[in-house]
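Trainee: Structure incoming, see below.
There are 2 protein chains.
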Amino acid sequence: MISTPAGTEITPPTAPFTIAVIGGTGPQGKGLGYRFARGGHTVVFGSRSAEKGEAVAEEVAARLDGVAGAGTVSGAANADAAAQADVVLLAVPWDGHDELVASLPLAGKVVISCVNPLGFDKRGAYGLVVDAGEGSAAETAQRLAPEAVVVGAFHNVSAVTLWEHDGFLDEDILVVGDSVAAKGVAIELCASVNGRQGIDAGKLRLARQLEPWTAVLISINRKYKIHSSIKITGFDH
Amino acid sequence: MISTPAGTEITPPTAPFTIAVIGGTGPQGKGLGYRFARGGHTVVFGSRSAEKGEAVAEEVAARLDGVAGAGTVSGAANADAAAQADVVLLAVPWDGHDELVASLPLAGKVVISCVNPLGFDKRGAYGLVVDAGEGSAAETAQRLAPEAVVVGAFHNVSAVTLWEHDGFLDEDILVVGDSVAAKGVAIELCASVNGRQGIDAGKLRLARQLEPWTAVLISINRKYKIHSSIKITGFDH
Chain A
1 MISTPAGTEI TPPTAPFTIA VIGGTGPQGK GLGYRFARGG HTVVFGSRSA EKGEAVAEEV
61 AARLDGVAGA GTVSGAANAD AAAQADVVLL AVPWDGHDEL VASLPLAGKV VISCVNPLGF
121 DKRGAYGLVV DAGEGSAAET AQRLAPEAVV VGAFHNVSAV TLWEHDGFLD EDILVVGDSV
181 AAKGVAIELC ASVNGRQGID AGKLRLARQL EPWTAVLISI NRKYKIHSSI KITGFDH
Chain B
1 MISTPAGTEI TPPTAPFTIA VIGGTGPQGK GLGYRFARGG HTVVFGSRSA EKGEAVAEEV
61 AARLDGVAGA GTVSGAANAD AAAQADVVLL AVPWDGHDEL VASLPLAGKV VISCVNPLGF
121 DKRGAYGLVV DAGEGSAAET AQRLAPEAVV VGAFHNVSAV TLWEHDGFLD EDILVVGDSV
181 AAKGVAIELC ASVNGRQGID AGKLRLARQL EPWTAVLISI NRKYKIHSSI KITGFDH
C-alpha cells in the first residue's frame, strides 16, 4: 500500500494502467500519451474541453492504427479524464497549474508531474523560483492533493522526439518521489518511451533539480540546433 | 577581449594554460588538476598551506611520471597559486567559499567554478538554496571578484573517476558563462578530461541548475552503487 501525506492509503495500480493525461493537447502531454498508448496502456487525453481532448485522441488513434498491442485512447474534459484513471499525468503549463490541479479529483491516485516551471527572457530559458527555492511543481501538486501520491518524471524528454520519432528514445528518464511503489508506476511507464525502465533518482524534493534542468537543455538546443536530452553514465562500468 | 562586470578587460589566455586549483587537495580539485596536467597544462595545486599543496603536487607528479606531453605541477598556498595563474579553478567547499574567494587575487583572470552548494540529511543529498533561489556559487564568485570573469563547469564530474581511471571519461561536461571567450577556455580544458570539447550550456545563471544537479547524481549513486555522470543526447541525429 502507498501511504499519502493525508494518511490515507492507495493500492498501487498494476499495468496496463489507465492514464489520464491532464493537458493532453500540449506537445508534452500528447507525445507522452501517444507513447503510453503505444506501450499498451489505456490513455484518456484531458483538455479544458472534452472536444479538444477527443480531437487529440482521434489523432493519436490514427497514428496507432495497426500497431500491435496498443491500448485504447479517448478524450475528455480534464476532471472527467482524471476521474476515470488510476494514474494521472500532469502535463500542464506552470501558469495556472495550482488552480487546475486543485480542481481535479486526484484522491486515491498516483499522480505523475512532468511540469517544468520555466521563464524565458532575452537571455534564454531559466528556472522559475518556486517557494523561494524550497519547492517545485511536483511538491506543489502533492501539497494541493494530499490524498494522492505525487511523483516527478518525464521532465526532460523532448516533446518533438516523442511525437515525431517512432522508435524508442535513446535518453534516460529520471523518476523522483517519496513512495517507492508510486515511483515504480512511473518507472514502468518509462519503458513505453525508451524501451527500458526509468531511473530512480531519489526523493520528491529533487524535482527542484529535474524541473529547471529543462532550461539547460533548451539552452543547448538553441545553441547547437538539436533536440537534446540526457543519459546517465556509469551503469555499465 | 573579455569584458568583466567591473568594466575592465581581460585578454583571453591561450593554451597551454597555467591553472591554479584552489582547494587542490580535495578530491575534485586533485582529480581535475591531475587531468589538466596530463593534458599538457601547467597546474599549481593550491591549499590552505603551501606544504599541503606541494604534497598533492608531488603525488600527481609521480602519477604523471613518463606520461608524454604532461605539464608541470607544483604546489602553493591558495593565494600564491592564484597569483601565478591565468586560469583559476575554484574547487572549494561551499562552507567558507565566500571568505576564501574574497581573499584571492582574481582580478584579470578567467575563473572556473565547479563548486556545488549541497546539503545532506537523512533523506540524502539536496541542493542548498543560494540567494533565495536567485543565485549560485558561480554567480557569488563573480560578484565577489568583479574584475575577473567567472564561468561554471566540471560540476558533475565524478571525483573518483577523475582520479582512479586513466582513460578519458565517457561523460559530457557542461560549461555556463556570460562571456563566450571565457567559456572557450573551460570548453578547451574539458578535452583533458573526456577527450572532447565541453558543451556550451548557456548563461552563467544556469549554474543554478548545474550545481545542485550533483545532488541528483549522488542520489543515483547511492541507489545503484555506481559513479554516475551525464551525457547529452541529440548530437548525433
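First to last, the protein sequences are chains A and B.
Start counting the first sequence at 1; every next residue gets the next number (my numbering).
Start counting the second sequence at 1; every next residue gets the next number (my numbering).
Glycine is no exception: its CB is placed at the ideal position from the N, C-alpha and C atoms.
Here the structure is a predicted model, which means the values were calculated and not measured.
#1: Locate the beta strand (DSSP E) running through Ala153(B), then write down its first and last residues.
#2: How would you list, in chain order, the residues of chain A whose beta-carbon sits under 7 Å from the beta-carbon of Ile199(B)?
#3: Taking the alpha carbon of Ile220(A) as the reference point, which residue from Ala159(B), Leu32(B), Phe235(B), Lys109(B) has its own alpha carbon closest?
#4: Hey, would you say Ala77(A) sits closer than 9 Å to Ala57(A), going by beta carbons?
#5: Under a Cβ-count criterion, where at least 16 other Cβ atoms within 10 Å of its own Cβ denotes burial, should Lys109(A) be classed as buried or exposed?
#6: Please return the same chain residues whose Cβ sits closer than 7 Å to the Cβ of Ala141(A), not counting the five positions on each side in sequence.
#7: Can you tell me whether Val193(A) is buried or exposed, with buried defined as 16 or more other CB within 10 angstroms of its CB?
#8: Express the C-alpha separation of Leu217(B) and Thr72(A) in angstroms, rounding to a whole number.
#9: Name, going along the chain, the residues of the stretch 200-211 of chain A whose beta-carbon falls closer than 9 Å to a beta-carbon of chain B.
#10: Would you verify that the beta carbon of Tyr34(A) is, or is not, closer than 9 Å to some beta carbon of chain B?
#11: Please list the partners that Asp170(A) has in chain B, where partner means a Cβ-to-Cβ separation under 8 Å.
#12: Considering only the beta carbon of each residue, do Phe127(B) and Gln209(A) sit closer than 9 Å?
#13: Less than 8 Å separating the Cβ of Lys183(B) from some heavy atom of the ligand GDP?
#14: What separation, rounded to the nearest whole angstrom, lies between the Cα atoms of Ala186(A) and Thr18(A)?
#15: According to DSSP, is Lys231(A) helix, strand or coil?
#16: Does the beta carbon of Arg143(B) sit closer than 9 Å to a beta carbon anywhere in chain A?
#17: Quick one: give me the first and last residue of the alpha helix (DSSP H) that Ser219(A) is part of.
#18: Per the DSSP calculation, Ser158(B) is bridged to which residue(s)?
#19: Run through the stretch 27-98 of chain B for me and flag every whole alpha helix (DSSP H) of 4 or more residues, listed as ranges in chain order.
#20: So, is the C-beta of Asp65(A) closer than 9 Å to a C-beta in chain B?
#21: Beta strand (DSSP E) containing Thr18(A): first to last residue?
#22: Rounded to whole angstroms, what is the Cα-Cα separation between Ser47(A) and Ala82(A)?
#23: Is Val67(B) near Gly33(B), with beta carbons less than 9 Å apart?
#24: What is the DSSP secondary structure of Leu189(B), counted as helix, strand or coil?
#25: Between which residues of its own chain and Phe168(A) is the CB-CB distance below 6 Å, once the five residues before and five after are set aside?
#26: Please say whether Ala207(B) and Val157(B) have beta carbons closer to each other than 9 Å?
Mentor: With the structure as the only source:
#1: Here residue 153(B) refers to the residue found at position 153 of the second sequence. Segment 149-153, the beta strand (DSSP E) holding Ala153(B).
#2: Working through the second sequence from its first residue, we reach residue 199(B) at position 199. The answer, in chain order, is Ile220.
#3: On the first sequence, residue 220(A) is found 220 positions in, with the first residue counted as 1. Comparing alpha-carbon positions, the option among Ala159(B), Leu32(B), Phe235(B), Lys109(B) lying closest to Ile220(A) turns out to be Phe235(B).
#4: Walking along the first sequence from the start, residue 77(A) turns up at place 77. Walking along the first sequence from the start, residue 57(A) turns up at place 57. No, the pair does not count as a contact, with Cβ atoms beyond the cut-off.
#5: Residue 109(A) sits at position 109 when you count from the first residue of the first sequence. It is buried - the Cβ of Lys109(A) has at least 16 other Cβ atoms within 10 Å.
#6: Counting from one through the first sequence, the residue named residue 141(A) turns up at place 141. Around Ala141(A): Leu90, Val101, Val111, Ser113, Val150.
#7: Taking the first sequence and counting its residues from 1, the one referred to as residue 193(A) is at position 193. Per the 10 Å Cβ criterion, buried.
#8: Working through the first sequence from its first residue, we reach residue 72(A) at position 72. Working through the second sequence from its first residue, we reach residue 217(B) at position 217. So the alpha carbons of these two residues sit roughly 37 Å apart.
#9: Listed in sequence order: Asp200, Ala201, Gly202, Lys203, Arg205, Leu206, Arg208, Gln209, Leu210.
#10: Sequence index remark: in the first sequence, residue 34(A) carries index 34 (1-based). So no, Tyr34(A) is outside the interface.
#11: On the first sequence, position 170 is the one that residue 170(A) refers to. Taking a Cβ-Cβ cut-off of 8 Å, the neighbours of Asp170(A) in chain B comprise Thr233, given in sequence order.
#12: The residue you call residue 127(B) lines up with position 127 of the second sequence. The residue you call residue 209(A) lines up with position 209 of the first sequence. For the record, residue 127(B) in the displayed sequence is Gly; it is not Phe. If you check the CB distance, Gly127(B) and Gln209(A) come in under 9 Å.
#13: With respect to the ligand GDP, the structure shown offers nothing to examine, as it has no ligands at all.
#14: Mapped onto the first sequence, residue 186(A) falls at position 186. Mapped onto the first sequence, residue 18(A) falls at position 18. Roughly 13 Å separates the two Cα atoms.
#15: For the purposes of this step, residue 231(A) is identified with residue 231 of the first sequence, where counting begins at 1. Here DSSP, grouped into helix, strand and coil, assigns Lys231(A) to strand.
#16: Residue mapping note: residue 143(B) aligns to position 143 of the second sequence, counting from 1. Arg143(B) does not count as touching chain A.
#17: Here residue 219(A) corresponds to residue number 219 of the first sequence, with the count starting at 1. Counting along the chain, the alpha helix (DSSP H) containing Ser219(A) begins and ends at 207-224.
#18: Numbered from its first residue, the second sequence carries residue 158(B) at position 158. For Ser158(B), DSSP records no beta bridge to any residue.
#19: Complete alpha helix (DSSP H) runs here, min 4: 27-38, 50-64, 78-84.
#20: For this step, residue 65(A) is matched to residue 65 along the first sequence. It does not: the Cβ of Asp65(A) has no partner Cβ on chain B nearer than 9 Å.
#21: The residue labelled residue 18(A) in the question sits at position 18 within the first sequence. Taken as a continuous stretch (DSSP letters only), the beta strand (DSSP E) holding Thr18(A) covers 18-22.
#22: Position 47 of the first sequence, counted from the first residue, corresponds to residue 47(A). Position 82 of the first sequence, counted from the first residue, corresponds to residue 82(A). Distance from the CA atom of Ser47(A) to the CA atom of Ala82(A), rounded to whole angstroms, is 11 Å.
#23: What you label residue 67(B) is simply residue 67 of the second sequence in a count that begins at 1. What you label residue 33(B) is simply residue 33 of the second sequence in a count that begins at 1. In terms of Cβ geometry, Val67(B) and Gly33(B) do not form a close pair [threshold 9 Å].
#24: As a first step, residue 189(B) must be located in the second sequence, where it is residue number 189. Three-state result, Leu189(B): helix.
#25: Here residue 168(A) is taken as the residue at index 168 of the first sequence, counted from 1. Closer than 6 Å at Cβ, skipping near neighbours: Asn194, Gly195.
#26: As a working note, residue 157(B) is residue 157 in the second sequence. As a working note, residue 207(B) is residue 207 in the second sequence. Between Val157(B) and Ala207(B), the C-beta gap is not smaller than 9 Å, which leaves the two residues out of contact.
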